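Position 248 of the sequence shown, counted from 1, bears residue number 247 in numbering that gives the first Met the number 0, the numbering being contiguous throughout.
Using N, Cα and C, we set each Cβ at its ideal position, and we do this for glycine too.
As the structure is a prediction and not an experimental result, all values here were calculated from the model.
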Amino acid sequence: MRLLTNGILIIVLVINFSIANLAGDSCLEKNLSDNIEYKLLIIAPKEFIGCLQPLVHHKESIGIRTKIVSTCEIYKETDLCGRDNAEKIKYFIKKAIEEWKVEYVLLVGGKKHQSSKDKWWVPVRYSHIEDLRYKNFKEKKFLSDLYFADIYDKRGDFSSWDENNNGVFGEWLDNKSADDIPDLYPDICVGRLPCRNILEVKIVVKKIINYEKEKCSDSWFKRMVVVAGDTYPNREGYEGENYTEKALEMMINFTPVKLWTSDGSLKSWRDIVRAINRGCGFLYLSGHGTPIWWATHPPENEEYIFGLIRFHMFFLQNGNKLPICIVGGCHNSMFNISLHNRVWTNGIPACKCWSWALVSKINGGAIATIGPTALSYGPTDISSRKGGSDWLDMHFFESYGLKKKEILGEVWKETIKAFLQNFSINWNEKSPGDSALNAKNVEQWLLIGDPSLKIGGYSGN
């Protein structure tokens, strides 16, 4: 449009654009009815959406249709059920499965700040299984992202994990039978990147893209590093070394790198750092843990060998030679710790847990970790000696090495299903019996990483 005023020519440009598109938040109902199928759903706060776009473009470029939805979009939807934000997220995942045929869900967001209060970029769910055997180690609740993967119960209805509707989820407390009976079988592959800020988002997005965009070189990927010792010196056998040996047997065509206390190959954290820096496709540690360290014992010796403390990760310089790490211990993946939440860190303030520190490490570390968010229980902790967290750790390698699952979330999902098929849960048994401990082992086995990740990367990209 041109206007002539007092001899001055004024040119007015009228630009028509959609405010909704500019904002990036479209109507959720329109989203769910767009008749397009997606494989990967990313749920993140709106503050992280822009930094996640390169990951969306990368996934689309390798044939994985990806949908990214902000948490505020989900919370604002009036037609969506849910008594709190975590349940709204779960109901949205259910709709995404049914409308979009989604197979993988990536939750991007951890704690918002370092206060003692639970405030999250993406909400969490606490499950409640109590172990009354250890007076000095009381733990009534723990993080469980399996809640977001176990969408349907055995009847095919929504699995609330709160059958008595008292707001306490996965309730199996007070030396009683279970009040809530979750199905536990994952219906979808769920992983989380518990990013606290935009910088961490950028770090992990770059690592995932670099890992997947081309096939990992066999020169380093075909190496599997196992780290272990005598987990329980007062019991017969070297448990950690036995478990890692069994895992190696399932990894055909992989070169084993054994760091064991019994043969002197594991003397300190430096041995682990050197092995990781040379490059390996998989890293498996079986021993003891806290949110800030992993350790084990020399043969028949109660002294600890601190294999890897968070501070030691500073010396990891393995670049793009990133392993998938399976860590056996307690609390290594307890990502709700903060400078104020120091119950399980021996009073030492820490802003992020061991597993997340490894994944969010710049210029090295790991591409993903799977490990416990709480106290975990091996066969020696279970009276029947059946099940245990070490079974999950070992059989991850069966799902990948023997069953040939190549997508990280599928390996996680298959391993949990196999565990539940082998060790059924008796919900009528009093807590903390064997069934309660095995249920807790499954519920806390957390994937920190991209569930749609192609293990070893894609060839020909």
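query	result
Let me make sure I understand the geometry here. Which of Val326, Gly278 and Pro348 has the alpha-carbon closest to that of Gln316?	Gly278
Since Glu258 is in the alpha helix (DSSP H), which residue starts that stretch and which ends it?	Looking at the sequence shown, residue 258 is not Glu but Leu. Here Leu258 belongs to no alpha helix (DSSP H); instead the beta strand (DSSP E) covers Thr254 to Trp259.
What are the boundary residues of the beta strand (DSSP E) that includes Lys66?	Thr65 to Ser69
Could you tell me which residues DSSP puts in a beta bridge with Thr105?	Thr is not the amino acid found at residue 105; the sequence shown has Leu there. Note: Leu105 sits in a beta bridge opposite Ile41 and Gly190.
With a threshold of 16 other CB atoms inside 10 Å of the CB of Asn461, please say whether the residue is buried or exposed.	Because the chain here runs from 0 to 460, residue 461 falls outside it and cannot be looked at.
Does the beta-carbon distance from Val200 to Cys350 come in below 7 Å?	no
Cβ of Leu446 within 7 Å of Cβ of Ile369?	yes
Anyone know if the C-beta pair for Val104 and Ile92 falls short of 7 Å?	yes
How many Å lie between Ala373 and Arg341 at the Cα?	13 Å
May I ask you to verify whether the stretch 107-126 touches the stretch 36-50, counting CB pairs closer than 8 Å and requiring at least 3?	yes
With C-beta atoms as the reference, is Leu142 less than 7 Å away from Asn335?	yes
Roughly how far, in whole angstroms, is the beta-carbon of Gly190 from the beta-carbon of Gly408, given that I think they are within contact range, below 8 Å?	6 Å
Under the rule that 16 or more other beta-carbon atoms within 10 Å means buried, what is Gly327, buried or exposed?	buried
Express the C-alpha separation of Lys212 and Lys206 in angstroms, rounding to a whole number.	10 Å
Can you check DSSP and say which residues form a bridge with Lys453?	Ile406
Measure the C-alpha to C-alpha separation of Asn437 and Ala177 and round it to an integer number of angstroms.	13 Å
Which same chain residues end up closer than 6 Å to Val167 when comparing Cβ atoms and leaving out the 5 residues on each side of it in sequence?	His127
According to DSSP, simplified to helix, strand and coil, what is Leu391?	helix
Output needed for Met333: all residues of its chain with C-beta closer than 6 Å, excluding positions within five of it in sequence on either side, in chain order.	Pro290, Cys352 and Thr372
Find out if the Cβ-Cβ distance for the pair Thr243, Val225 is shorter than 7 Å.	yes
What did DSSP end up calling Leu357 once you bin it into helix, strand or coil?	helix
Taking the beta carbon of Arg309 as the centre, do at least 16 other beta carbons fall within 10 Å, making it buried, or is it exposed?	buried
Report buried or exposed for Arg384, applying the criterion of at least 16 other Cβ atoms within 10 angstroms of its Cβ.	exposed
Output needed for Asn20: all residues of its chain with C-beta closer than 7 Å, excluding positions within five of it in sequence on either side, in chain order.	Since pLDDT at Asn20 reaches only 30, below the 50 mark, its modelled position is unreliable, and the value read off the structure follows with that caveat. Closer than 7 Å at the Cβ level, and outside the excluded window around Asn20, lies no residue.
For Thr344, which residues of its own chain have a beta-carbon under 8 Å away from its beta-carbon, when the five flanking residues on both sides are left out?	Thr289, Pro290, Ile291 and Ile336
Hey, could you find the ends of the alpha helix (DSSP H) Val200 is sitting in?	Ile197 to Glu211
Could you tell me if Ser458 is buried or exposed, where buried requires 16 or more neighbouring beta carbons within 10 angstroms of its beta carbon?	exposed
Suppose you measure from the CA of Glu235 to the CA of Asn241; what does that come to, to the nearest Å?	11 Å
Considering only residues of the same chain and omitting the five flanking positions on each side of Thr175, which have a CB-CB separation below 7 Å?	The sequence given here places Lys at residue 175; Thr does not occur at that position. The residues are Lys429 and Ser430.
What are the complete alpha helix (DSSP H) segments, minimum 4 residues, inside the stretch 292-337?	none
On the three-state DSSP scale, how would you describe Met223?	strand
Would you call the CB atoms of His57 and Ile208 closer than 7 Å?	yes
Which residues does DSSP pair with His339 in a beta bridge?	DSSP, once it has assigned bridges, lists no residue as partnering His339.
Does DSSP put His287 in a helix, in a strand, or in coil?	strand
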